[in-house]
Amino acid sequence: MEAMVLGGTNNTFEVESQDGMVRLCSIKGKILRESEGYYNPLAPGDRVSVEVDEHDPKRGQIINLLPRKNHFVRWNQKGKSPQLLASNLDLAVVVTTPAEPPFRPRFVDRALIQADAERIEPLILLNKSDLPQDPDLEERMEDWKRLGYEIIRVSAHTGDGLDVLAARLEGRLSAFVGQSGVGKSSLLNALDTRLSLRTAGLSAKYGRGTHTTTRGMLFHLPPGESGKSASIIDTPGVRRFVLHGIEARDLALYFREMEALVGTCSWGHSCTHEHEPGCKILEAVYAGVIHEQRYESWQRIRDELETGRWTD
Ligand SMILES: Nc1nc2c(ncn2[C@@H]2O[C@H](COP(=O)(O)OP(=O)(O)OP(=O)(O)O)[C@@H](O)[C@H]2O)c(=O)[nH]1
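Counting the sequence shown from 1 gives a position; my numbering is that position plus 8.
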């Protein structure tokens, strides 16, 4: 029987069959071949084949992973392996805030790049729009918009913008990705009042989230105006989003404003875009076509990918 993984740990998963029944399932055999080398064998959104337990219809075994349309991954530094956050997504929703926790544009850049690399449509969701906005944030928002990224502004607290967000999520499978404390669980609670996911204030000491959601979980929202329901994966908040599966030398291809310039410099593909005369990327930075902060973002992320050392 075909079913979808809603959530789970390394050996027990909540799996939903097409009739809506949710079973606890373990993986038959040692490991799924496709998951070798990964931190976790399956992610919410994965489609699997299940064999129902003869003695207990509420349990079963996962015998097969069905081909994935895409998978959203980050590098797990502690586990030293790629971690599957969600599979088969229509939309990667990168949640950010003007403050509490502080606005971290590089976190957003990294998540957008990982989504683009997997050909998952990204969306920037600015939560906590009730808090004072800052000029740096507005400038970056304008730049992302110019690059073609869709932006929705909401407040889980006041409800502002939630109708726009709900309409955008209807009929799709989306994942909320963001630093701990940006309000991913609060947003889900606001979108579906039947949910009461645990949320928590920021740590007084560091002004960061306290990692309340520790594992990913897929939720179906009640059908909206279109009659279709939204499926949303709440992913655990992370302090740092480390890219996976992207080579440092290819990084510029995932910066939308750089992609077309790659290979056009006087030094061709051997240009480092750091100091060479005739570098089209540097010329674009000087001309203001590439935002200085995006260029710095590219430099930092490239260094991280080259050295395997991460500073923020
Ligand atoms: N001012 C304001 N605070 C919010 C808003 N949404 C959430 N918060 C607060 O932000 C804090 C963190 O919210 P959570 O929903 O737990 O954040 P999270 O992103 O799910 O965090 P993790 O589970 O750690 O990943 C809580 O104190 C919420 O009350 C909002 O729109 N405005």
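Glycine residues also receive a C-beta, built at the ideal position from the N, C-alpha and C atoms.
### Distance, alanine 295 Cα to lysine 213 Cα
Within the sequence shown, residue 213 is the residue found at index 205, counting from 1. Within the sequence shown, residue 295 is the residue found at index 287, counting from 1. Residue confidence is low: lysine 213 scores 43 on pLDDT, short of 50, so the model does not pin down where it sits. Its coordinate-derived value is still stated next. Spanning the two alpha carbons is a distance of roughly 41 Å.
### Task
Would you check if there are 3 or more beta carbon pairs closer than 8 Å linking the segment 174-194 to the segment 226-240?
yes
### Query
Apart from the five residues just before and just after arginine 114, which ones in its own chain have a Cβ nearer than 6 Å to its Cβ?
For the purposes of this step, residue 114 is taken as residue 106 along the sequence shown, with counting starting at 1. Excluding sequence neighbours, arginine 114 sits near Ser305.
### Task
Would you decide whether aspartate 124 is buried or exposed? Buried here means 16 or more other CB atoms lie within 10 Å of its CB.
In the sequence shown, the residue the question calls residue 124 occupies position 116. Buried, since its Cβ has 16 or more Cβ neighbours within 10 Å.
### Query
In the DSSP assignment, what are the bridge partners of tryptophan 83?
Indexing the sequence shown from 1 puts residue 83 at position 75. Answer is Pro90, bridged to tryptophan 83.
### Task
List the residues that DSSP assigns as beta-bridge partners of serine 95.
As a position in the sequence shown, residue 95 is number 87, starting the count at 1. Answer by DSSP bridge pairing, in chain order: His79.
### Message
Give me the DSSP bridge partner(s) of valine 3.
### Response
No answer is possible for residue 3: it lies beyond the span of the chain, which begins at 9 and ends at 320.
### Query
Using the rule of at least 16 other Cβ atoms within 10 Å of the residue's Cβ for burial, across every protein chain shown, is glutamine 91 buried or exposed?
Against the sequence shown, residue 91 aligns to sequence position 83. It counts as buried.
### Task
Since I believe serine 182 is in contact with alanine 238 (beta carbons under 8 Å), could you give me their beta-carbon distance rounded to a whole number of angstroms?
For the purposes of this step, residue 238 is taken as residue 230 along the sequence shown, with counting starting at 1. For the purposes of this step, residue 182 is taken as residue 174 along the sequence shown, with counting starting at 1. Yes, they are in contact, since the Cβ atoms of alanine 238 and serine 182 sit about 7 Å apart, within 8 Å.
### Task
From the DSSP output, in three-state form, read off lysine 213 for me.
Within the sequence shown, the letter at position 205 stands for residue 213. Per-residue confidence for lysine 213 stands at a pLDDT of 43, beneath the threshold of 50, marking its modelled position as unreliable; the derived number appears in the next sentence. If DSSP states are grouped into helix, strand and coil, lysine 213 belongs with coil.
### Query
Does DSSP put arginine 317 in a helix, in a strand, or in coil?
The residue you call residue 317 lines up with position 309 of the sequence shown. DSSP places arginine 317 in coil when its eight states are reduced to three.
### Query
Can you tell which of Arg76, Gln69, Gly16, His252 has its C-alpha closest to the C-alpha of asparagine 48?
As a first step, residue 48 is located in the sequence shown; it is residue number 40 there, counting from the start. Checked all of Arg76, Gln69, Gly16, His252; the closest Cα to asparagine 48 is Gly16.
### Query
Skipping 5 residues on each side, what residues in its chain have a beta carbon closer than 8 Å to that of isoleucine 121?
Position 113 of the sequence shown, counting from 1, holds the residue named residue 121. Counting only Cβ-Cβ distances below 8 Å, and skipping sequence neighbours, we find Leu251, Ile254, Leu259, Tyr262, Phe263, Ile309.
### Query
To which residues does DSSP link alanine 183 through a beta bridge?
Position 175 of the sequence shown, counted from the first residue, corresponds to residue 183. Its beta-bridge partners are Ala100, Ile241.
### Query
Under a three-way DSSP split, which group does arginine 31 fall into?
For the purposes of this step, residue 31 is identified with residue 23 of the sequence shown, where counting begins at 1. Here arginine 31 sits in strand by DSSP.
### Query
Between Asp311, Lys153, Gln26, Ile132, which lies nearest to valine 116 when the distance is taken from Cα to Cα?
Translated into the one-based positions of the sequence shown, residue 116 becomes position 108. Here the closest residue by C-alpha is Ile132.
### Message
Tell me which residue opens and which closes the beta strand (DSSP E) that glutamate 158 is part of.
### Response
Along the sequence shown, read from residue 1 onward, the residue named residue 158 stands at position 150. Taken as a continuous stretch (DSSP letters only), the beta strand (DSSP E) holding glutamate 158 covers 158-161.
### Task
Return yes when the Cβ of serine 137 is within less than 9 Å of the Cβ of proline 106, no when it is not.
Locating residue 106 in the sequence shown gives position 98, where the first residue counts as 1. Locating residue 137 in the sequence shown gives position 129, where the first residue counts as 1. Against a cut-off of 9 Å, the Cβ pair of serine 137 and proline 106 comes out as a contact.
### Task
Using only alpha-carbon positions, find the residue among Pro75, Glu129, Trp83 that is nearest to tryptophan 318.
Locating residue 318 in the sequence shown gives position 310, where the first residue counts as 1. Of the listed residues, the one whose Cα sits closest to tryptophan 318 is Trp83.
### Task
With DSSP as the reference, label arginine 112 as helix, strand or coil.
Here residue 112 corresponds to residue number 104 of the sequence shown, with the count starting at 1. Coil at arginine 112, not helix or strand.
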